Amino acid sequence: MVPNQGFGGTLWMIFRFTLLASGSGENDRNFKMCGTWRHGNGKLTLAHDLKRGCGKITISANESSLSIHGQITAQCQNSSVIELGPSPKARERPFCMYWEPLLDHLWVEVNGKNHTLCWSSGLQGNCCTDLSQGKKYGIAMIEETVMRSKVLGNVVLPCAMSTVVEMEEGFQGYNITLPAPRGVPPQRIPSVHLPSYLKPRGKKKVKVVCTYFKNSTLFQANHHVIRILEDVVGITVENEIITNLTEPIRIGFHHSVIPQLEPRPVRHLEALTVITSIGCAASTLSCVVIMIFLNKQRRGMNPSTAVHRGLAMALFLLSFLFFLTGIVANVGGNKACWVFGAALHYALLSSFSWMSIEGLHTFWLVYVVFSPSPSPYVWNLVGFGLPAIPVIVLLAIGKVYGVKEVVSSDDVDNPFLMCWMDVSPDSVGLLAHYFINLTFLAVVVVSGLIMLFLVQRKIQNRDEWRKNKVAFISIWGLSCLFGTSWGLEFLDFGHLSVFILFLFCILNSLQGFFLMLRFYILDRMRKQSGSSLDGSSSTASSTRQHMLQS
């Protein structure tokens, strides 16, 4: 409101209140707008020009006229001028514009008097509003409007599907099947059971509105910890706040067997990133040391060397690529990550394969004493060849590997970038993650735990085993070989989630380092006891002892 000095002190103003529409035409709308109109001394009028549409509305005023025009209504088309009478002594008047989009009802209050510009014509098929939880917006407005519309039964709107039930005296409960939107199978629609206790005592008739919102994205905050799977149902009882029901309201939802979950924001992401980077760097160097150590030993006919070397090579590749993944994602983008993400995926699957091979090889030497172990060629084919098959298939499918964002709960606007699979809902990458990655991981963890149990049962009565130091080193070392620490992935939930996440990153990023430490400690122990690293392969007993301490 600005005074115009050219009119000899007469106050006038022009202001605009514009509601802009997005490409879909479904936008936030202010349902109440108030202001003060500063006018002149002459006759005053209210001019309006309203048309159908979901565009914008403009309010302007000068010294003699208050004007409202725009495209915001569903059915109403009205253009006229309303006489407001002569100007009072006070040269300003308060006014408010009210709009109920679901009823297509628009009116203006000027100086305490209502002027209806669009009369309500019942519930409309157009919904120019996003849904929010404010009292005068979205969800609450839809339910209140449906309640006041005096309609019973199903009410279909583009933004919601509602069912209105009138609870009368003797109400014994009611089962509701909500109306199905176009393209949604009826068997996928939520079901609602209203108990008899829902009807307030002392009232003869009470309405209850059940509203079904198929588009759950309207309620989902960006990067929220909890993700809405699919459907949203709202229940409102006329003029009542319901609490402490003896029998609960039951709502049945139908969703996918595998819920399509968005990755949640990660707490302490910066600390976890630093820990993982340091661990991967240490493991990369440790795996190089292990390979040099194994190559320098005169192992001759010892079949364990090839298996240990294969695991060291796979862990080296995994640690090295994971250490560089953030740099490649930030510098190279999707084009570089298409190749780098596939390589990282291959390294992970190869590491899982070699961990399983370590368990199988140990089982072979401990239990299958009279049969020779498979040749190193077979182990290499399984450890390095088998993981390449799913990776090649996913590369052929395309749009699986690329830049992945890991969002921090402390700063959602600056996610950590890495090269990995696209695991967004309805993507091939998500399906591959469940049926390839988790399958490989489950095989590793289960086989590793089984082997630890079998080996412990086999040699627990030996004199060497009764020495605490040897027992601890053996179990700890075999755990490194079998990759059982990766099973922490399945425990990442509940109140211990943060602790499990830190433990997972520390143990698995340092797996190569722990493996090197194991070789060093056991080699030192054997030298002190006067035994050679190779051991003797002349008897099954010496072979079994070698596998536990090499």
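For reference, each letter of the sequence shown is one residue, going 1 to 550 in the UniProt record's numbering.
Beta carbons are placed, not taken as given, at the ideal position from N, Cα and C, and that holds for glycine.
Computed from a predicted structure; not experimentally measured.
Evaluate residue i with the Cβ neighbour count: other Cβ atoms within 10 Å of its Cβ, from every protein chain shown; 16 or more gives buried, anything less gives exposed.
| i | result |
| --- | --- |
| ASP231 | buried |
| ARG38 | buried |
| THR246 | exposed |
| GLN75 | exposed |
| GLY495 | First, the amino acid is wrong: residue 495 is His here, not Gly. Flag for HIS495 reads exposed. |
| PHE253 | exposed |
| TYR434 | exposed |
| THR236 | buried |
| TYR367 | exposed |
| GLY359 | buried |
| ASN41 | exposed |
| PRO248 | exposed |
| VAL331 | exposed |
| GLU63 | buried |
| ILE68 | buried |
| GLU271 | Here residue 271 is Ala; the residue named in the question, Glu, does not match the sequence. So ALA271 ends up on the exposed side. |
| TYR377 | exposed |
| THR18 | Residue placement at THR18 cannot be trusted, given a pLDDT of 33 that sits under 50; what the coordinates show is reported in the next sentence. Label assigned to THR18: exposed. |
| ILE59 | buried |
| GLY512 | buried |
| PRO372 | exposed |
| CYS127 | Residue placement at CYS127 is flagged as unreliable, the pLDDT there being 48, under the threshold of 50; the coordinate-derived value follows with that caveat. The residue in question, CYS127, is buried, as its Cβ has 16 or more Cβ neighbours within 10 Å. |
| TRP119 | exposed |
| THR243 | exposed |
| ALA396 | exposed |
| LEU84 | buried |
Can the beta-carbon of residue i be found closer than 8 Å to that of residue j?
| i | j | result |
| --- | --- | --- |
| PRO265 | SER424 | no |
| VAL108 | MET167 | no |
| VAL110 | ARG91 | no |
| GLY341 | GLY402 | yes |
| HIS345 | VAL307 | no |
| ALA282 | LEU321 | no |
| ALA314 | SER351 | yes |
| CYS287 | PHE323 | no |
| SER422 | VAL400 | For the record, residue 422 in the displayed sequence is Asp; it is not Ser. Yes. Within cutoff. |
| THR177 | SER196 | no |
| PRO86 | LYS43 | yes |
| PHE293 | PHE519 | yes |
| LEU117 | ASN78 | yes |
| PHE171 | LYS203 | no |
| LYS56 | TYR98 | no |
| THR484 | GLY429 | no |
| TYR174 | LEU194 | yes |
| MET516 | ILE290 | yes |
| SER80 | HIS48 | yes |
| HIS115 | ILE82 | yes |
| PRO374 | ILE436 | no |
| ILE500 | LEU488 | yes |
| VAL446 | TRP486 | no |
| CYS96 | SER162 | no |
| residue 604 | VAL164 | The structure shown does not extend to residue 604, since the chain spans only 1 to 550, so no value can be given for it. |
I'd like the span of the alpha helix (DSSP H) that includes residue i, first residue to last.
| i | result |
| --- | --- |
| TRP354 | 304-367 |
| ILE290 | 269-296 |
| CYS505 | 497-509 |
| ILE392 | 388-397 |
| ASN380 | 376-380 |
Tell me which residue opens and which closes the beta strand (DSSP E) that residue i is part of.
| i | result |
| --- | --- |
| TYR401 | 401-406 |
| GLN99 | Residue identity check: residue 99 is Trp in the sequence provided, not Gln. Note, TRP99: beta strand (DSSP E), 92-100. |
| GLU166 | 161-167 |
| TRP119 | First-last for TRP119: undefined, no H or E at that position. |
| ALA47 | 43-52 |
| ASN78 | 78-86 |
| ILE59 | 57-61 |
| TYR197 | Premise fails: TYR197 is in no beta strand (DSSP E) and is neither H nor E. |
| TRP37 | 32-38 |
| LEU417 | 416-421 |
| VAL110 | 105-110 |
| VAL233 | 232-237 |
Could you round the C-beta distance between residue i and residue j to whole angstroms and report it? I think they count as a contact, below 8 Å.
| i | j | result |
| --- | --- | --- |
| LEU50 | GLY70 | 7 Å |
| TRP379 | GLY310 | 6 Å |
| ARG267 | VAL412 | 12 Å between Cβ atoms; not a contact. |
Any heavy atom of the ligand ZN within a distance shorter than 7 Å of the CB on residue i?
| i | result |
| --- | --- |
| LEU317 | No copy of the ligand ZN occurs in the structure displayed, which carries no ligand at all. |
Query raised in the report: Three or more beta-carbon pairs under 8 Å between the segment 418-434 and the segment 268-280, yes or no?
Result: no
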